[in-house]
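Residue numbers (our numbering), protein chains in the order written: chain F, 6 to 535; chain B, 6 to 144.
Below is the structure:
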């Protein structure tokens, strides 16, 4: 292909100029648009000394098969120098079904660890001091239930809740928009999220009750700007609900955290993170009147793009991941997950996940990119694209505001349709060869065999047997009593967290608890749209 | 096709997402591509059981069922769909499967009667062409 025929656009289709210079920054005001690292509006990062003070947390998302096996992997990762844990749950857990439910058949332990009761959570965190290690949990619709289990395990370890730190994903809006792992309709789901934000602000002040996530929006095929805009607008929705509950902005905003994708287009990702911090800082200060600097700062976790990994020539994925991770670091991420080379096929093998972790360690200790704050600040190209990205995202945000907020937009199918159109356009570009994916539509060569992790089918039997024994052992009267109390709380307006804690302590299972909530809230069904 | 021939009715395809997995990016892209290629596409939406899928296929009188599975549950789900199709005497409905399906599982599914398995990176064009070819003999 001749140079003139290559498209000079970002992966999201934004045209790029041949060169950028001072004329591109004519309207820019350094104080308003940039600030210094660690100063409003945090375009250049939330810390003055950035990674010199503290490196990002290397947090590999992991979980598979039984809680016993996942616990062993956690101990391995911590021994390898990983600095935080991140729990992946399997689909039945994410959907609020016990491992022995008929709909769980074939799914137990496949995409993450199976956790059906407090007993499984106890096993999952065995030997892991919850007062010292921060744990992130990727769970959404049943997030409040899993958090109750986590807090109950901390209690058993004798760790005060005030010392427990970590992150719950708990971002239900992006489930309706993109990942589609929802149980209840949007409004009762938002009430549960607000319950956790309120409970956290009062009792677990060091825990991030929510990680507002663009990651899955991007994985569903959105552009970078859609990822940014929909995520921040979701954030506003959670803020609105918490304010409505009666919390004050500075009481909970500092604990809202974010989660973004790190995709292939190096600079497009970096400007996305810079624009995110700026939009959020201005919104918190002006739209919501936050006074605390901590409320203004957008903190985020990044994960390299799973959807960019190719099945063909899987070793190339190591290179893709390294570049994506570097974009996240140059963009000022607080924590990072690097995908493993084999993840287009399966959950990662121990060898593959070690290379992924080593990639972060090489970035941190060998590349030099962590030596100074925002090394790209002041680049004509980066600053111009940061401004453009901010403007484009703000246009989407205004559009959703005019629709009456994110729930109304979701009900109208707006973000879903925008993402589906972008994802189809992208696939067409690959199909026509307009966009090159190395090893897939160009530079094809033979297979490179790799060794994959296999999930033992016995995981399901093991989990079912444990559940059966648990049901025989626990007090059914206590289970019924706590579930009834939970239902009454759900029907009324009180915070459900204390009732959820009682239910998990009585070893009511995840499935039983979600069924109790479903009986009050109903179940959500999406209208299939193309 | 000669100038006088009547245009044949479009191929009818049911695109379904079985199991608990909500990742519908692939299913939606395929459904759009088949529709753009002139086929009549019925998209079931998420979390369909094998029973629901086969019953929709019967009601909609489709020639092809496309199943999208990324969660690793394909060996529990697809054989059940094949079994139900045989029970209901719908053995002539072509079943194609797309998703993260390891080679050895793809072989097993084909032995069970699945017409084709499309793994990551399969082109939309190849999928459209396969379905056209598979339906040619029956029309």
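Ideal placement from N, C-alpha and C gives every residue a C-beta, glycine not left out. Model, not experiment: these values are computed from the prediction.
>> In the DSSP assignment, the alpha helix (DSSP H) including residue 243 of chain F goes from what residue to what residue?
In response: Taking the first residue of the first chain as position 1, residue 243 of chain F is located at position 238. Per DSSP, residue 243 of chain F is one residue of the alpha helix (DSSP H) stretching across 229–250.
> Can you tell me where the beta strand (DSSP E) with residue 342 of chain F in it begins and where it stops?
Replying inline: As a working note, residue 342 of chain F is residue 337 in the first chain. Start and end: 340–342.
> So which residues of chain B does residue 318 of chain F contact, with C-beta pairs closer than 7 Å?
Replying inline: Position 313 of the first chain, counting from 1, holds the residue named residue 318 of chain F. For residue 318 of chain F, none of the residues of chain B pass the 7 Å Cβ criterion, the least Cβ distance being about 10 Å.
> For residue 497 of chain F, which of helix, strand or coil comes out of DSSP?
Replying inline: For this step, residue 497 of chain F is matched to residue 492 along the first chain. Residue 497 of chain F falls in the coil class under three-state DSSP.
> Going along the region 92–108 of chain F in order, which residues come within less than 8 Å of chain B, judged by CB to CB distance?
Replying inline: 96, 97, 99, 100, 102, 108: these are the residues of the region 92–108 of chain F whose beta carbon lies less than 8 Å from some beta carbon of chain B, given in chain order.
> Using a Cβ-Cβ distance under 8 Å, would residue 134 of chain B count as near chain F?
Replying inline: Position 129 of the second chain, counting from 1, holds the residue named residue 134 of chain B. Using a Cβ-Cβ cut-off of 8 Å, residue 134 of chain B does not count as an interface residue toward chain F, since no Cβ of chain F sits closer than that to its own.
> Which one or two residues does DSSP pair with residue 536 of chain F in a beta bridge?
Replying inline: This structure cannot speak to residue 536 of chain F, because chain F is shown only from 6 to 535.
> What is the rounded straight-line gap between the Cα of residue 235 of chain F and the Cα of residue 41 of chain F?
Replying inline: Here the question's residue 235 of chain F lines up with position 230 in the first chain. Here the question's residue 41 of chain F lines up with position 36 in the first chain. Distance between residue 235 of chain F and residue 41 of chain F, taken at the CA atoms: about 27 Å.
>> Can you look up residue 42 of chain B in the DSSP assignment and give me helix, strand or coil?
In response: Numbered from 1 along the second chain, position 37 holds the residue referred to as residue 42 of chain B. Residue 42 of chain B carries a coil assignment under DSSP once its states are collapsed to helix, strand and coil.
>> Strictly below 8 Å CB to CB, what residues from chain B border residue 184 of chain F?
In response: As a first step, residue 184 of chain F must be located in the first chain, where it is residue number 179. Result: 27, 28.
>> Assess contact between the region 448–465 of chain F and the region 56–70 of chain F, defined as three or more Cβ pairs (one per stretch) separated by less than 8 Å. Is contact present?
In response: Yes, the region 448–465 of chain F touches the region 56–70 of chain F.
>> Using C-beta distances below 6 Å, list every residue in its chain close to residue 43 of chain B, excluding the 5 sequence neighbours before and after it, in chain order.
In response: Position 38 of the second chain, counted from the start, is the residue given in the question as residue 43 of chain B. Counting only Cβ-Cβ distances below 6 Å, and skipping sequence neighbours, we find 15.
> For a contact meaning CB atoms closer than 7 Å, what does residue 36 of chain B contact in chain F?
Replying inline: Along the second chain, one-based indexing puts residue 36 of chain B at 31. Contacts between residue 36 of chain B and chain F, judged by CB atoms closer than 7 Å, involve 535 in chain order.
> Hey, how far is the Cα of residue 55 of chain B from the Cα of residue 105 of chain B?
Replying inline: Counted from its first residue, the second chain places residue 55 of chain B at position 50. Counted from its first residue, the second chain places residue 105 of chain B at position 100. Take the alpha-carbon of residue 55 of chain B and the one of residue 105 of chain B: they are about 19 Å apart.
>> Please report the distance separating the alpha-carbon of residue 333 of chain F from that of residue 274 of chain F.
In response: As a first step, residue 333 of chain F is located in the first chain; it is residue number 328 there, counting from the start. As a first step, residue 274 of chain F is located in the first chain; it is residue number 269 there, counting from the start. Going from the Cα of residue 333 of chain F to the Cα of residue 274 of chain F covers about 7 Å.
> Does residue 6 of chain B have its Cβ less than 8 Å from a Cβ in chain F?
Replying inline: Working through the second chain from its first residue, we reach residue 6 of chain B at position 1. Caution is warranted here: a pLDDT of 46 is assigned to residue 6 of chain B, below 50, making its placement in the model unreliable, and the coordinate value is therefore given only provisionally. No, because no Cβ of chain F sits closer than 8 Å to the Cβ of residue 6 of chain B.
>> Can you tell me which residues form a DSSP beta bridge with residue 115 of chain F?
In response: In the first chain, the residue the question calls residue 115 of chain F occupies position 110. Paired residues: none, contrary to the question.
> Under 8 Å between the Cβ atoms of residue 230 of chain F and residue 397 of chain F?
Replying inline: Here residue 230 of chain F refers to the residue found at position 225 when the first chain is read from its first residue. Here residue 397 of chain F refers to the residue found at position 392 when the first chain is read from its first residue. Less than 8 Å divides the Cβ of residue 230 of chain F from the Cβ of residue 397 of chain F.
> Do residue 504 of chain F and residue 491 of chain F have their CB atoms nearer than 8 Å?
Replying inline: Residue numbering aside, residue 504 of chain F sits at position 499 when the first chain is read from its first letter. Residue numbering aside, residue 491 of chain F sits at position 486 when the first chain is read from its first letter. In this structure, residue 491 of chain F lies closer than 8 Å to residue 504 of chain F by Cβ.
>> To the nearest angstrom, how far is the alpha carbon of residue 513 of chain F from that of residue 488 of chain F?
In response: As a working note, residue 513 of chain F is residue 508 in the first chain. As a working note, residue 488 of chain F is residue 483 in the first chain. One Cα belongs to residue 513 of chain F, the other to residue 488 of chain F, and the distance between them is close to 8 Å.
> Whose Cβ in chain F lies nearer than 8 Å to the Cβ of residue 84 of chain B?
Replying inline: The residue you call residue 84 of chain B lines up with position 79 of the second chain. The contacting residues do not exist; residue 84 of chain B stays about 10 Å from chain F at best.
> Which chain B residues sit within Cβ distance under 7 Å of residue 429 of chain F?
Replying inline: In the first chain, residue 429 of chain F corresponds to position 424, counting from 1. Here the neighbours are 34, 37.
> Below 8 Å between beta carbons: does that hold for residue 130 of chain B and residue 436 of chain F?
Replying inline: Here the question's residue 130 of chain B lines up with position 125 in the second chain. Here the question's residue 436 of chain F lines up with position 431 in the first chain. Going by C-beta atoms, residue 130 of chain B is nearer than 8 Å to residue 436 of chain F.
> In chain order, what residues of the same chain lie with their CB nearer than 7 Å to the CB of residue 218 of chain F, ignoring the 5 residues before and after it?
Replying inline: Counting from one through the first chain, the residue named residue 218 of chain F turns up at place 213. 174, 176, 179, 236, 264, listed in sequence order.
> In or out: residue 6 of chain F buried (at least 16 other Cβ within 10 Å) or exposed?
Replying inline: Stepping through the first chain from its first residue, residue 6 of chain F is reached at position 1. For residue 6 of chain F, the pLDDT reaches just 47, beneath the cut-off of 50, and the residue's location in the model is therefore unreliable, although a value from the coordinates is still provided. Residue burial annotation: residue 6 of chain F is exposed, with fewer than 16 other C-beta atoms found within 10 angstroms of its C-beta.
> For the putative contact between residue 256 of chain F and residue 206 of chain F, defined by C-beta atoms under 8 Å, what is the C-beta separation to the nearest angstrom?
Replying inline: Locating residue 256 of chain F in the first chain gives position 251, counting from the first residue. Locating residue 206 of chain F in the first chain gives position 201, counting from the first residue. Residue 256 of chain F to residue 206 of chain F, Cβ: 5 Å. Contact.
> If you compare alpha carbons, which of F:250, F:46, F:331 is closest to residue 364 of chain F?
Replying inline: Translated into positions along the first chain, residue 364 of chain F becomes position 359. Among F:250, F:46, F:331, the Cα nearest to that of residue 364 of chain F is on F:331.
> Under the three-state reduction of DSSP, which class applies to residue 390 of chain F: helix, strand or coil?
Replying inline: Here the question's residue 390 of chain F lines up with position 385 in the first chain. The three-state reading of DSSP puts residue 390 of chain F in helix, counting H, G and I together.
>> Our contact map puts residue 114 of chain F next to residue 465 of chain F with C-beta atoms below 8 Å; I'd like the distance itself, whole angstroms only.
In response: Here residue 114 of chain F is taken as the residue at index 109 of the first chain, counted from 1. Here residue 465 of chain F is taken as the residue at index 460 of the first chain, counted from 1. Yes, they are in contact, since the Cβ atoms of residue 114 of chain F and residue 465 of chain F sit about 7 Å apart, within 8 Å.
>> On the CB-based measure, 16 or more other CB atoms within 10 Å of its CB, does residue 477 of chain F come out buried or exposed?
In response: Walking along the first chain from the start, residue 477 of chain F turns up at place 472. Classification of residue 477 of chain F: exposed, given that the 10 Å Cβ count is below 16.
> Along the chain, where does the alpha helix (DSSP H) that runs through residue 471 of chain F open and close?
Replying inline: Counting from 1 along the first chain, the entry for residue 471 of chain F is found at position 466. From DSSP, the alpha helix (DSSP H) with residue 471 of chain F extends over 463–478.
> What does residue 63 of chain F pair with, by DSSP beta-bridge criteria?
Replying inline: Working through the first chain from its first residue, we reach residue 63 of chain F at position 58. Residue 63 of chain F pairs with F:341.
> Of the choices F:167, F:63, F:81, whose alpha-carbon is the least far from that of residue 133 of chain F?
Replying inline: Reading the first chain from its first residue, position 128 is the one you call residue 133 of chain F. Residue F:81 is the option with its Cα nearest to residue 133 of chain F.
> To the nearest angstrom, how far is it from the Cα of residue 68 of chain B to the Cα of residue 423 of chain F?
Replying inline: Sequence index remark: in the second chain, residue 68 of chain B carries index 63 (1-based). Sequence index remark: in the first chain, residue 423 of chain F carries index 418 (1-based). Roughly 31 Å between the two C-alpha positions.
>> Once DSSP output is grouped into helix, strand and coil, what is the label at residue 189 of chain F?
In response: For the purposes of this step, residue 189 of chain F is taken as residue 184 along the first chain, with counting starting at 1. Residue 189 of chain F carries a coil assignment under DSSP once its states are collapsed to helix, strand and coil.
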